[in-house]
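Same order as they appear, the protein sequences are chains A and B.
Okay, so the first sequence: first residue is 151 according to the working numbering, each after it adds one.
Okay, so the second sequence: first residue is 59 according to the working numbering, each after it adds one.
What follows is a set of notes on a single structure, which appears directly below.
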Amino acid sequence: MNEVQTMHGLLLAGILFMLGLIGVLIRRNIIYMLVSVEIMLNAAGLAFIVAGSKWAQPDGQVMFIFILTMAAAEVSVGLALILQIHHQLKTLDSDAANEMKG
Amino acid sequence: MQLTFYISALVAILSTIMVITRFNIIHSLLYLVVSFLALATVFFILGAPFAAALEIIIYAGAIVVLIIFVIMMLNLKGEAIEQEKQWLTPAVWIGPAILSFILFAELVYVLFTGQSSSSVVQMVDSKAVGKALYGQYILAVELSGMLLMAGIVGAYHLGRQKKKVIHRFLEQIEE
């Protein structure tokens, strides 16, 4: 069938992970930080898929499904935290949430 | 077939760059959907059609819609975009971007000094995935069910708006 270099697939996963990391570091809005974490999780899943396709084993896709499950649970809890922060602080600035005063 | 891989990889990278640089959050979420669709194409080319379907259904469908619902509930106005423009100045993003590029260059160096191999892509269909999932990984499936349960309970507990039970006279004394 078709040939794809394994290195190039892993390179794509690395680029997407780096972009997600930059997104977490440079944005101050909490929603953008959550979206960037999603990008990083997705890149990790891509690396698993590439490895699973190299050895033609289903384990890569199984790990991708577990990452997907974890991302869904993480985003629901994270969005609930964002709603609570916006309700209490009236802003989405992550620097405003630096006090542990309840 | 190989060309489709590189084209969709390019689309994924460009749309992800657009996600982290837009000021309007709805625009960046639309770019995020494009990025997920491009990545689903990559999964399909790599011989994982089941993962491609899950990527579209769960990431582009469920998770992005969840984030859009929350943005609608927050009721952000035009000044949010102005605030984003103030926050994302070159002085803020240049340092982390350069340091991340250094880490990425190291990763590329480590990847390409190993032996390079191009392998013929073989289809791993959903039957094999299902057999592995409910055979040797059955314990992990149950554990991820518990994780989802914890996610539901945590989201309900955190997202609930607590009622103020304090009396207004007491509130005045507190101030």
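Where is the CB? At the ideal position from N, CA and C, for every residue including glycine.
Treat the numbers as computed from the prediction; the structure is a model and nothing was measured.
For the options B/I125, B/E113 and B/K135, the alpha carbon positioned closest to that of A/G195 is the one of B/E113.
When A/I181, A/L231, A/L191 and A/F198 are compared, the shortest CA-CA separation from B/I129 is found for A/I181. Burial state of B/Y117 is buried, judged by a 10 Å Cβ sphere holding 16 or more other Cβ atoms. Distances from the alpha-carbon of A/Q211 to those of B/S66, B/A67 and B/L104 put B/L104 closest. Unbroken alpha helix (DSSP H) runs of no fewer than 4 residues, entirely contained in the stretch 106-141 of chain B, are found at 107-112 and 122-132, following chain order.
Within the DSSP bridge table, the entry for A/N179 names A/D243 as partners. Counting only runs that start and end inside the stretch 147-214 of chain B, the beta strand (DSSP E) elements of at least 3 residues fall at 176-178.
Annotation: B/G212 to B/L124 spans about 16 Å, alpha carbon to alpha carbon. B/P148 counts as exposed, since fewer than 16 other C-beta atoms from the protein chains shown sit within 10 angstroms of its C-beta. Shown here for B/V122: same chain residues with a beta carbon closer than 8 Å to its own, the five before and five after excluded, namely L87, L90, V91 and F94 in chain order. A straight line joining the alpha-carbon of B/A98 with that of A/L166 spans about 14 Å. By the Cβ test, the stretch 196-204 of chain A is not in contact with the stretch 229-246 of chain A, since fewer than three Cβ pairs between them sit closer than 8 Å. Three or more Cβ pairs closer than 8 Å define a contact, and the stretch 65-78 of chain B falls short of that threshold against the stretch 211-221 of chain A. Counting every other CB atom within 10 Å of its CB across the protein chains shown gives B/A190 a total of 16 or more, marking it as buried. For the stretch 187-203 of chain B, residues whose beta-carbon sits nearer than 8 Å to a beta-carbon of chain A comprise V187, K189, A190, L191, Y195, A198 and S202.
By the Cβ-count criterion, A/N248 is exposed, with fewer than 16 other Cβ atoms from all chains shown falling within 10 Å of its own Cβ. The beta-carbon of A/Q238 is placed no less than 8 Å from the nearest beta-carbon of chain B.
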